[in-house]
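Notes follow the structure.
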């Protein structure tokens with residue numbers, strides 16, 4: 065079962081560094097392993113993206129979540145959100161991660177021998193930017209951010 069929220073837009077400013085993008089999110093805590101070396105930002109200018117939050121409401125692997133996201137609209141496919149889109153989304157919708165964790169499967173980095181992906185999380189009232197293993201079966205409460213170029217949106 066795929067339950068998706070309404071689409072929204074975000075602007076990713078590729079002139080900003082990863083630390084600048086993180087600062088714009090005003091997180092209460094950030095994993096120290098989220099670094100420009102592990103998560104390089106690639107792009108130029110300001111890019112408008114359409115976003116959609118996918119909720120599968122069941123345990124799902126990262127691989128299966130990516131496949132389901134891409135299969136949702138084969139004419140205008142969604143892609144798992146890279147870290148820069150996840151951060152832009154967090155800055156624009158700061159309270160959404162207090163409702164449920166939101167994963168960005170479009171950026172993967174090796175940390176201590178494991179592939180990790182960034183995600184938005186809460187602990188109490190705190191907003192956190194964390195990492196979790198790619199090889200994790202996500203429970204039904206997790207959501208997955210997807211993006212596509214706004215110019216291709218209806």
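In my numbering, the protein residues as written are 65 to 218.
Glycine residues also receive a C-beta, built at the ideal position from the N, C-alpha and C atoms.
With a 10 Å radius around the Cβ and a threshold of 16 neighbouring Cβ atoms, residue 99 comes out exposed. Rounded to whole angstroms, residue 71 and residue 175 show a C-alpha spacing of 32 angstroms. Under the DSSP assignment, residue 160 falls outside any alpha helix (DSSP H); it carries neither an H nor an E label. By DSSP's assignment, residue 213 forms a beta bridge with 113. In the DSSP assignment, residue 130 falls outside any beta strand (DSSP E) and lies within the alpha helix (DSSP H) extending over 126–135.
The way I'd put it, the region 93–108 does touch the region 185–197; three or more beta-carbon pairs between them come closer than 8 angstroms. Under a 10 Å Cβ-count criterion, residue 127 is classified as exposed, with fewer than 16 other Cβ atoms of the shown protein chains found around its own Cβ.
Closest in alpha carbon position to residue 112, among 87, 148, 84 and 103, is 148. Beta-carbon to beta-carbon, residue 89 and residue 151 are separated by about 5 angstroms, close enough to satisfy the 8 angstroms threshold.
Taking 8 angstroms as the upper bound for CB-CB distance, residue 144 and residue 168 are in contact here, some 7 angstroms apart.
Within the same chain, 186, 189 and 191 come within 8 angstroms of residue 162 by CB-CB distance, once the 5 residues on both sides are set aside.
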